[in-house]
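Engineer:
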């Protein structure tokens, strides 16, 4: 995903607020859930928030290189979605993947170490921000090309189906993805072959600086599976319980009915597309709305009102999270850089081929 | 030993690998009911069923990418792209993803996948259906690109490709499918020869000049060498077979022995694989060269449909022979 395009400013019309925040359903009542579970969701949302804030900070300090796309504002979506997956289920994500990696079961310190490009990172420093991966956690990648992950996730679901397994693949993407060819090809194949996969579109209404309305002829993205006879559902992405319940339903249906589903979560991203994007394409009203739609703050108030969260518990959780994030940063900071001698170890899975590519171009006859 | 076609070598080896390993399956356009545009998969659907022989929609990016995802979970897909020209539609998956997965995730998962695809001119298919664009894929670290020239090589390399843990682009030239050659009796058994990926072959030993080709051009090179032998010119024929990894050592050793080289390629000259080979020779065997390295390649035009134009555009026995004779004349050995 290229980050270099300069957002238009000045005379260009800025994206207005209050666009199309239509949401389905009513907020799920927190009263229906146990206090322990609610506090746990809160803790995890807070962890992603603080982790990402720390990430942004480290990025501006040049401790982290490359591109850096944060989950800020999408914590309810991340936690809700990942809660719906069983441990044995697989996740393919796009480049906005830090929170998903943590939620899928990778230790925050390993995610942070990957951001720092250290050998203790999830991909040993080879992937960076956009490429979190862990075989054991079944986090099968953050992927950097918009929509590149869709065919591969579809194929992973095919492998599950081929073996008669009962795992489900979840494939996360942004709203901009729904207009590329691979979207159509993947949904078509998944439907034809009855694959157990849930395609999840995180609709934060912006593909970089271009709105859904500007890019999608049918901006109700959850409806777009109909061309493939894939049922779609839209949910308020700011509501962790709603996201969880919808995702859980679709994941379990994909598992039991062996067919694909489409889910759209209406989300906000609080900042620009990436850390270096000042989001000048956003109008003041829109930026204000984004801030006022903070899912973490909303959930916190909800839990306080319900008597699930008091000042002591909040402090306890905040302290634990602060400690965990500090530990992750320390771990990353103190981890070794990959040794340059390992440069040729990972081009091919067969070591012989790595030796061959290492053959110098200059005279083969040394003497 | 028996004599079979290139097509049969491929088909029987793939069948044998499917019997050997349940994880091996086929996917592509028209490979099942239609039995393959070039009949490599004839009989496969009947024998293995729909689970293991999958007809896909016309959506190259979708099914090539699906193959990658399935390989990440341990299956071993053999994907057929009807022609290499269509690989461009799937290029994001082939170039951006398949060869990067192993490295980008620090060696946690690999992509044991074979993409089989025919290419090449000479069939009057016009500009967009007559290309040899394997060089795009040979450019990418993480890919393995194989281009066998004989039935025996096709069998041994297909067996190696299916068993390999990395993504392999397996190039089949349309002009080779009906070509015949000797294969060992066990060529399609599990005990049959397995090629060493990354090793070039010496198809014919010689002392006067080195002639380097791959796929159809390696087959053509053998014909050239046979004809020149009758004129007392001893040509050593190198079949690259593996475009990546590339076996520079065999090339350099041969040129060090003969002192001159001609490269024949079924592709455009500029920036091509021949350029890479010429550079390798210059880097590795400069001191042994008695004459500049010559390249014989396709004319740099979109390949025309009309037969006389197409024929004129493609390398031929005559054009390769001329290049060899001119090179030997430059060396000071007067030939024809």
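Chains as they are written, first to last, in the numbering used here: chain A, 1 to 367; chain B, 1001 to 1336. All C-beta atoms, glycine included, are put in the ideal place defined by N, C-alpha and C.
Any beta carbon of chain A sitting closer than 9 angstroms to that of residue 1115 (chain B)?
Structural biologist: Not an interface residue.
Engineer: Return the residue from the list B:1052, B:1102, B:1129 and B:1265 that minimises the CA-CA distance to residue 1147 (chain B).
Structural biologist: Closest by alpha carbon: B:1265.
Engineer: Counting only runs that start and end within the region 242-323 of chain A, where is the beta strand (DSSP E) found for 3 or more residues in a row?
Structural biologist: The region 242-323 of chain A contains these whole beta strand (DSSP E) runs: 261-266.
Engineer: Using a C-beta cutoff of 9 angstroms, does residue 115 (chain A) count as contacting chain B?
Structural biologist: No, residue 115 (chain A) lies away from the interface with chain B (no Cβ there is under 9 angstroms from its Cβ).
Engineer: Suppose contacts are defined by Cβ-Cβ distances below 9 angstroms. Is residue 45 (chain A) in contact with residue 201 (chain A) by that definition?
Structural biologist: No, Cβ-Cβ distance for residue 45 (chain A) and residue 201 (chain A) is not below 9 angstroms.
Engineer: Within 10 Å of its beta-carbon, does residue 1108 (chain B) have 16 or more other beta-carbons around it, so buried, or fewer, so exposed?
Structural biologist: So residue 1108 (chain B) counts as buried.
Engineer: Measuring straight from C-alpha to C-alpha, what distance separates residue 124 (chain A) and residue 131 (chain A)?
Structural biologist: Their Cα atoms are separated by approximately 11 angstroms.
Engineer: Taking the CB atoms as reference points, tell me whether residue 1224 (chain B) and residue 1317 (chain B) lie closer together than 9 angstroms.
Structural biologist: Going by C-beta atoms, residue 1224 (chain B) is nearer than 9 angstroms to residue 1317 (chain B).
Engineer: Terminal residues of the continuous beta strand (DSSP E) containing residue 199 (chain A)?
Structural biologist: Unbroken beta strand (DSSP E) run through residue 199 (chain A): 197-203.
Engineer: I'd like the span of the beta strand (DSSP E) that includes residue 233 (chain A), first residue to last.
Structural biologist: Looking at the DSSP string, the run of the beta strand (DSSP E) that includes residue 233 (chain A) is 232-236.
Engineer: In chain order, what residues of the same chain lie with their CB nearer than 6 angstroms to the CB of residue 308 (chain A), ignoring the 5 residues before and after it?
Structural biologist: 35 and 38, listed in sequence order.
Engineer: Got a sec: is the Cβ-Cβ distance from residue 1025 (chain B) to anything in chain A below 9 angstroms?
Structural biologist: Yes, because at least one Cβ of chain A sits closer than 9 angstroms to the Cβ of residue 1025 (chain B).
Engineer: Taking C-beta pairs closer than 9 angstroms, name the residues in chain B that residue 148 (chain A) reaches, listed in chain order.
Structural biologist: Residues of chain B passing the Cβ test: 1065, 1092, 1093, 1096 and 1097.
Engineer: Name, in chain order, the residues that DSSP records as bridge partners for residue 1182 (chain B).
Structural biologist: Paired residues: B:1003.
Engineer: Would you mind reading off the limits of the beta strand (DSSP E) that contains residue 183 (chain A)?
Structural biologist: No beta strand (DSSP E) holds residue 183 (chain A); the alpha helix (DSSP H) holding it covers 181-192.
Engineer: Would residue 51 (chain A) and residue 105 (chain A) be called neighbours here (beta carbons separated by less than 9 angstroms)?
Structural biologist: Going by C-beta atoms, residue 51 (chain A) is not nearer than 9 angstroms to residue 105 (chain A).
Engineer: Beta carbons nearer than 7 angstroms to chain B: which residues of the region 195-206 of chain A have them?
Structural biologist: Under the 7 angstroms Cβ criterion, the region 195-206 of chain A contributes no residue.
Engineer: Kindly indicate which three-state DSSP category residue 94 (chain A) falls into: helix, strand or coil?
Structural biologist: Coil at residue 94 (chain A), not helix or strand.
Engineer: Give the DSSP-derived three-state secondary structure of residue 1096 (chain B) in the structure shown.
Structural biologist: If DSSP states are grouped into helix, strand and coil, residue 1096 (chain B) belongs with the helices.
Engineer: Report the rounded CA-to-CA distance for residue 1152 (chain B) versus residue 342 (chain A), giving the unit in angstroms.
Structural biologist: Whole-angstrom Cα-Cα distance: 37 angstroms.
Engineer: Quick one: complete beta strand (DSSP E) runs, 3+ long, within the region 1203-1282 of chain B?
Structural biologist: As far as the region 1203-1282 of chain B is concerned, its whole beta strand (DSSP E) runs of at least 3 residues are 1209-1213, 1235-1239, 1242-1244 and 1261-1268.
Engineer: Could you tell me which chain B residues have their CB closer than 8 angstroms to the CB of residue 192 (chain A), listed as they occur along the chain?
Structural biologist: Simply 1057.
Engineer: Are the beta-carbon atoms of residue 1208 (chain B) and residue 1334 (chain B) separated by less than 9 angstroms?
Structural biologist: Not in contact: residue 1208 (chain B) and residue 1334 (chain B) (Cβ atoms no closer than 9 angstroms).
Engineer: 9 angstroms is my cut-off, CB to CB: does residue 1144 (chain B) come that close to chain A?
Structural biologist: At least one chain A Cβ lies under 9 angstroms of residue 1144 (chain B).
Engineer: Does residue 129 (chain A) have its Cβ less than 9 angstroms from a Cβ in chain B?
Structural biologist: Residue 129 (chain A) does not count as touching chain B.
Engineer: Residue 1070 (chain B) and residue 156 (chain A): beta carbons closer than 9 angstroms?
Structural biologist: Contact flag set, yes.
Engineer: Using a cut-off of 8 angstroms between C-beta atoms, extract the partners of residue 124 (chain A) located in chain B.
Structural biologist: The contacting residues are 1106 and 1107.
Engineer: Any residues in the region 1151-1173 of chain B with a beta carbon nearer than 9 angstroms to a beta carbon of chain A? Which ones, in chain order?
Structural biologist: Cβ contacts with chain A come from 1164, 1165 and 1166.
Engineer: Does the separation of the CB atoms of residue 1125 (chain B) and residue 1149 (chain B) fall below 9 angstroms?
Structural biologist: Contact: no.
Engineer: Helix, strand or coil for residue 8 (chain A) per DSSP?
Structural biologist: Annotation note: pLDDT 38 at residue 8 (chain A) (below 50); position unreliable, no value reported.
Engineer: Among all the DSSP beta bridges, which residues are the ones paired with residue 53 (chain A)?
Structural biologist: Residue 53 (chain A) pairs with nothing; no bridge assigned.
Engineer: On the criterion of 16 or more Cβ atoms from any shown chain inside 10 Å, does residue 302 (chain A) qualify as buried, or is it exposed?
Structural biologist: Buried: at least 16 other Cβ atoms inside 10 Å.
Engineer: In chain B, which residues lie with their C-beta within 7 angstroms of the C-beta of residue 135 (chain A)?
Structural biologist: Simply 1108 and 1109.
Engineer: Count the other C-beta atoms from every protein chain shown that fall within 10 angstroms of the C-beta of residue 1129 (chain B), then say buried if there are 16 or more, exposed otherwise.
Structural biologist: So residue 1129 (chain B) counts as buried.
Engineer: DSSP three-state call for residue 61 (chain A): helix, strand or coil?
Structural biologist: Coil, per DSSP.
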